[in-house]
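If you're matching positions, the sequence shown starts at 1 in full-length UniProt numbering and goes up one per residue. All residues carry an ideal CB built from backbone N, CA and C; glycine is no exception. See structure below.
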Amino acid sequence: MNVNEVTQLARDIRIATLKSLTQLGFGHYGGSMSVVETLAVLYGAVMKIDPTNPDWPERDYFVLSKGHAGPALYSTLAIKGYFPVEELSTLNQNGTRLPSHPDRLKTRGVDATTGSLGQGISIAGGMALSHKLAGRPNRVFCIVGDGELNEGQCWEAFQFIAHHRLNNLTVFIDWNKQQLDGELDEIICAFDLEGKFRAFGFDAVTVKGDDVAGLLERVQPVPATDARPRVVILDSIKGQGVPYLEQLGNSHHLRLTDDTKQVLNETIRQLEAAHD
Ligand SMILES: Cc1ncc(C[n+]2csc(CCOP(=O)(O)OP(=O)(O)O)c2C)c(N)n1
Ligand SMILES: [Mg+2]
């Protein structure tokens, strides 16, 4: 997929995610929107996958450490053909295969069960180490939230990943500057993320969270001569791509009123119109 096609895929993922959440009437809007472009780049143009065979041993692996963005991952997987798009309307309802946080035993294409923040990045590190030890070329990609970095477990995992020279792992930090109930800077400041990761032994860069071309450039395979794992700090916006959510201040988890439902349905219509 080229830049235009990935951009189109991102728009489709954004629409499908807004639809499933808005139909449900509540959920994690802000953090789902801020990873849409990254998911489109990974599943559209980078990862080696076979949606007809989710357990293909030669596939690349993806771990959504910030598991509350599950709705965006489900839309991506459905659009890529892991399961029917119609199933997205069962999100987080009784008996669904799409619980609000990803469960690898429930959903085709989900590689890791996440939701308890801090744990997914450890799982991703273990996956990358196992591929490396076995001499396999599989790559691993993991998205971690900036608020999630409050979990000390993340930093244990980053040390482990750098120590083992896991250059087959690319970590994304969704630097949307907000966590559950407020601004990062007011709760626990992240300080200099790039500098911190460099000090930990990572190759670190910052890319705008919706810069598809920039992201594509940063996710090419690392040269074999460079043993450093890679981190991409996503300079993103919570609620990215949805003006109402971007301006809201706190779009972490919304329970919709009739008014907000109408606003979001209007956004969906506008995104769909821009599509044609
Ligand atoms: C161990 C753990 N503690 C608390 C929570 C509740 N929780 C869910 S999302 C969230 C905030 C996460 O912030 P961030 O990582 O910045 O997510 P984003 O802004 O990308 O939505 C919290 C505290 C959790 N899921 N796991
Ligand atoms: Mg955040």
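Check	Outcome
Cβ-heavy atom distance, PRO182 to ligand 1, below 7 Å	In the sequence as presented, Pro is not what sits at residue 182; that position holds Gly. Not under cutoff, so the answer is no.
Proximity test, GLY135 beta-carbon vs ligand 1 heavy atom, cut-off 7 Å	no
VAL207 vs VAL231 beta-carbon contact at 8 Å	no
Coil, strand or helix - PHE172 by DSSP	strand
Contact test: GLY109 Cβ vs ligand 2 heavy atom, cutoff 7 Å	no
Under 7 Å, CB to nearest heavy atom of ligand 2: contacting residues	GLY31, GLY145, ASP146, GLY147, ASP174, ASN176, LYS177, GLN178, GLN179, LEU184 and LYS238
Nearest-angstrom beta carbon gap, TYR82 and PRO102 [assumed within contact, 8 Å]	Incorrect: roughly 12 Å between the Cβ atoms, too far for contact.
Runs of beta strand (DSSP E) wholly within the segment 107 to 186 (minimum 3 residues, chain order)	140 to 145 and 169 to 175
Extent of the continuous alpha helix (DSSP H) run through ARG11	3 to 24
Beta-carbon proximity of LEU271 to ILE15, cut-off 8 Å	yes
Nearest residue (CA-CA) to THR260, options GLY27, HIS164 and VAL63	GLY27
With 16 other Cβ atoms within 10 Å as the buried cut-off, status of ASN4	exposed
GLU66 CB to nearest heavy atom of ligand 1 below 7 Å	Residue 66 is actually Lys in this sequence, not Glu. LYS66 Cβ: within cutoff of ligand 1.
Separation of ARG218 from ARG136, as counted between CA atoms	22 Å
Residues bridged to LYS208 [DSSP beta-bridge criterion]	ASP235
Identity of the residue in GLU183, PRO223, ARG228 and GLY214 nearest ALA199 by Cα	ARG228
Other residues of its chain near VAL144: CB distance less than 8 Å, five sequence neighbours each side excluded	SER65, LYS66, GLY120, ILE121, CYS154, VAL171, PHE172, ILE173 and ASP174
6 Å Cβ shell around VAL6 - same chain, five flanking residues per side excluded	ALA40, VAL41, GLY44, ALA45 and VAL212
Beta-ladder partner(s) of VAL35, from DSSP	Paired residue(s): none; VAL35 is not in a bridge.
Proximity test, GLU86 beta-carbon vs ligand 1 heavy atom, cut-off 7 Å	no
LEU18: CB within 7 Å of a non-hydrogen atom of ligand 1	no
Whether GLY147 touches LEU193 by CB criterion (8 Å)	no
Candidates LEU98, CYS142 and MET1: closest to LEU234 by CA position	CYS142
Under 8 Å between C-beta atoms of GLU37 and GLY239	no
Selection from GLY152, GLY125, GLN178 and LEU149 that minimises the alpha carbon distance to ASN167	GLY125
Inter-residue spacing [alpha-carbon to alpha-carbon] between LYS106 and GLU86	16 Å
Euclidean distance between Cα positions of HIS131 and ASN138	6 Å
Cα-Cα separation between SER89 and ARG269, rounded to whole angstroms	17 Å
Three-state secondary structure assigned by DSSP to ARG59	coil
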